[in-house]
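Chemist:
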Amino acid sequence: MKRSHFFLRLFIFFVSTVITTGTFAQLCQGSLGEPVVNITFGSGANPGPPVDSSLTNYIYVPYSCPADGAYTIGNSSPACFVDTWHTLTEDHTPNDTSGYMMIVNASFSPGDFYVKQVDGLCDNTTYEFAAWILNILKSSACGNNGFLPNVTFRIETLNGTVLQTYKTGDIASSSTPVWKQYGLFFKTPTGINTVVIRMTNNAPGGCGNDLVLDDITFRPCGALVTVSINNTSTNVNVCEGDNTSYTFSTMVTPAAINTFYQWQLSTDMGLTWSVIPGAINATYTRMPVSGLGTYQYRIAVTQGNYVLVPSCSRVMSKPLIVNQVPLPVPGAANDGPVCEGSTLTLKSNIASAYSWSGPLNFTSTQQSPSITNASLGLNGKFYLKITSVDGCVNIDSTIVNIIKGPFVDAGVDVNICEGTSTQLKGATDANSYMWQPPFSLSNTQILNPIASPAETTSYVLTADNGTCKKSDSVLVTINKKPVADAGPDKVIIAGNATTLEGSSNITDAAILWSPAFNISSATDLTPSVNPLITITYALTLSSNYGCGISTDSVLVKVFAKLFIPNAFTPNNDGLNDAWNIEALQAYPGAVIKVFNRFGQMVFTNDGAVKSWDGKYKGVIQQKGAYPYIINLKNGAPVIKGVLYLLQ
């Protein structure tokens, strides 16, 4: 099976197409005319008829998927040879499902596969020869290494003189069908009106070298014709209802005395062109038209000795495009009527730009702006101006209706003490209303219910006048009763200070310590105190909202010095049963270690405040002397001594 996809490319000078090989003895420096030869292979149902036997030595087959050295004519092609060929649903012309194309499976041996004599040309005239080719072999076929079509085009005289040659080079395969146009320019010699097109297959046979050929054209090349709209552009959008006229201008290079002009019009995207009666000057004024759509204008220019022979000298400008576009439809609307205080949304159809304006100096550039807390002042007409992607502008309006809601007032916020109640004082002109949340209310459907919340609560009164609902809220703040905590008792050595650890369950209470002796601040929850003797301080908290008073006290015990008992009797008689250094509480973190006579540590407090009961590992120790050391952890020297355990 072979893959060769055949396709000739349009001239290089005007069409931006990749043509990387070939030599051009003469390029068209001007504009091109209509095709004087246009080989499309016709149209109809599959299979199409064979071409004349004089055109090719390949074998025609009346079915899809021709073998090597054969071709068929068709308007489509299936995925031949186990899906190694592309599936084609139409020829080169888009949307032309009945148009024929020549589907070629090139022969194993290089050689001519299409030769055609072209008559009716003019001598001393430059022509563009072009054809469209498609490599029908998928890039994944033949192990990704299929043979690529490679074609040489020759333009010859009847006696075999070569006027121009062009080589396509290898035509690459692809994962999807890709048409490409290949072409060349040549000039007919004096007295020559007939030429021969010769297409030669250069690629070897085997897997690949398969192609499709379509739309072979000859077009005359003449003077360069350029046109413009109002001397500025070649494409304009005209909005519906715009009565502007436009002037089309032409420049022909080189100019000639015997030059004839004819403006033409196409309304089917350039498929067919009609002559504009009387438009035979280099300039043409286009008057306004009412129909929407795309209007293409071009000028046919004829010059030289063959002014009456279009195939020799008539060339066409590129088209001027006038898009007669409709005005955009604004579709201004809103989601009203809405009740005052709710959200109003304006609406518009999709466009390129938006401009809203309305009451209360409202403006917006959004498509569908929303207005929260809509007021009665917004009642009225809102205007919308939209701009389409084509630059056309249209305006519209929508009437907004904001409905007045009922009067409702939930009253002023109040503060109450926990465990007490308050009467809400709502007011409304609506006949239907309700309080929320319902818990801790005596009745949710009266204006003045009794509220007894345990926590701070926001009560919402919603009134309904049958059309709109409106709500207001009142905050009932619960002020808790104060609970004072003076903190743990303290022990200090005379002359030292300690910090009281008072606390309160609320933050809005007045603080007072008493007596106000030897204290850093009587109104601070955690003051520093340095009494000279043992004293009790009382902490009093008073609610700033009149919700009660709470008092608690703390004992600050003052020792003249650190007294360390030297004996104790752990006999469970209730007297001196443990070795307790009470004043050591004044030295937080102090460490005590007690040893037996063998140097074994039998007790440590690990920095905690605790006494020794005379036991080690749960066993009462023998009476006798027990050395100890005390580290106060305050930088003072370590205290050493002997403790006597008595029975």
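Per the working numbering, the very first residue in the sequence shown carries number 1; after that it's consecutive. For every residue, glycine included, the Cβ atom is placed at its ideal position computed from N, Cα and C. Model, not experiment: these values are computed from the prediction.
1) Are there 16 or more other CB atoms within 10 angstroms of the CB of Ser303, so buried, or fewer, so exposed?
2) So what does DSSP say about Glu128, is it helix, strand or coil?
3) Looking at the structure shown, is Gln585 part of a helix, part of a strand, or coil, going by DSSP?
4) Measuring straight from C-alpha to C-alpha, what distance separates Ala79 and Asn145?
5) For Val329, which residues from the same chain have a beta carbon less than 6 Å from its beta carbon, with the 5 sequence-adjacent residues on both sides left out?
6) If you draw a straight line from the C-alpha of Leu271 to the C-alpha of Val36, how long is it?
7) Taking DSSP's pairing of strands, which residues face Leu539 in a bridge?
8) Exposed or buried, Glu128, counting other C-beta atoms within 10 Å across all chains shown (16 or more means buried)?
9) Taking 7 Å as the cut-off, decide whether the C-beta atoms of Cys207 and Gly30 are in contact.
10) Under 8 Å by Cβ, that's how I've got Ser514 and Ser520 pegged, so tell me the actual separation to the nearest angstrom.
11) Is the separation between the beta-carbon of Ile299 and that of Thr250 shorter than 7 Å?
12) So if DSSP puts Ala567 in a beta bridge, which residue, or which two residues, is it bridged to?
13) What does the alpha-carbon distance come out to for the pair Trp612 and Gln600?
14) Taking all protein chains shown into account, decide if Thr21 is buried (16 or more other Cβ within 10 angstroms of its Cβ) or exposed.
15) Taking 7 Å as the cut-off, decide whether the C-beta atoms of Ile493 and Ala586 are in contact.
16) Could you give the residue range of the alpha helix (DSSP H) that holds Ala141?
17) Less than 6 Å between C-beta atoms, sequence neighbours within five positions excluded: which residues of the same chain meet that for Asn323?
18) What distance in whole Å lies between the Cβ atoms of Leu320 and Gly241, which are believed to be in contact at a cut-off of 8 Å?
19) Beta-carbon within less than 6 Å of Lys633's beta-carbon, same chain only, minus the 5 sequence neighbours each way: which residues are those?
20) Can you confirm whether the stretch 441-452 touches the stretch 372-389 when touching is taken to mean that 3 or more C-beta pairs between the two stretches lie within less than 8 Å?
21) So Ala451 and Val476 are in contact, right, with Cβ under 8 Å, and what is the actual spacing, rounded?
22) If the criterion is Cβ atoms closer than 7 Å, does the pair Asp489 and Val554 meet it?
23) Can you give me the start and stop residues for the beta strand (DSSP E) that Val37 sits inside?
24) Measure the alpha-carbon distance for Thr523 versus Thr551 and round it to whole angstroms.
25) Along the chain, where does the beta strand (DSSP E) that runs through Cys417 open and close?
26) Do Gly33 and Met316 have their CB atoms nearer than 7 Å?
27) Going straight from the alpha carbon of Asp390 to that of Thr226, what length do you get?
28) Less than 7 Å between C-beta atoms, sequence neighbours within five positions excluded: which residues of the same chain meet that for Gly624?
29) Using C-beta distances below 8 Å, list every residue in its chain close to Val325, excluding the 5 sequence neighbours before and after it, in chain order.
30) So, does the CB of Pro220 fall closer than 7 Å to a CB anywhere in chain C?
31) Pick helix, strand or coil for Phe362, following the three-state DSSP scheme.
32) Would you tell me roughly how many angstroms separate the C-alpha atoms of Pro637 and Leu584, rounded to the nearest one?
33) By how many angstroms is the C-alpha of Met199 removed from the C-alpha of Gln26?
34) Taking the continuous beta strand (DSSP E) assigned at Phe113, which residues delimit it?
35) Assuming Ile133 and Thr157 are in contact, meaning their beta carbons sit under 8 Å apart, how far apart are those beta carbons, in whole angstroms?
36) Per DSSP, Gln621 is paired with what?
Modeler: Let me lay it out:
1) The sequence given here places Gln at residue 303; Ser does not occur at that position. With 16 or more Cβ atoms within 10 Å of its Cβ, Gln303 is classed as buried.
2) Residue state, collapsed to three classes: strand.
3) helix
4) 18 Å
5) Asn349
6) 16 Å
7) Trp513, Asp552
8) buried
9) no
10) That pair is no contact at about 14 Å.
11) Their beta carbons are under 7 Å apart, which means Ile299 touches Thr250 by this criterion.
12) As DSSP reads the structure, Ala567 sits in a beta bridge with Tyr644.
13) Going by the C-alpha atoms only, they are around 15 Å apart.
14) In this predicted model, Thr21 has a pLDDT of only 33, less than 50, meaning its place in the structure is not dependable; the value taken from the coordinates is given anyway. So Thr21 ends up on the exposed side.
15) yes
16) 141-144
17) Asn237, Thr294
18) In fact, because the Cβ distance is near 21 Å, the residues do not count as touching under 8 Å.
19) Gly589, Ala590
20) Result no; under three Cβ-Cβ pairs closer than 8 Å.
21) Rounded to the nearest angstrom, the Cβ distance from Ala451 to Val476 is 6 Å, consistent with a contact under 8 Å.
22) Contact flag set, yes.
23) 37-39
24) 14 Å
25) From DSSP, the beta strand (DSSP E) with Cys417 extends over 414-417.
26) yes
27) So the alpha carbons of these two residues sit roughly 25 Å apart.
28) Arg597, Leu645
29) Asn237, Val238, Cys239, Glu240, Leu292, Ser388, Asp390, Cys392
30) Absent from the structure is chain C; it holds one protein chain and no more.
31) strand
32) 15 Å
33) Below a pLDDT of 50, predicted positions are generally treated as unreliable, and Gln26, at 47, falls in that range; no measurement from the model is reported.
34) 111-118
35) Contact flag wrong, Cβ pair sits at about 25 Å.
36) According to DSSP, Gln621 bridges with nothing at all.
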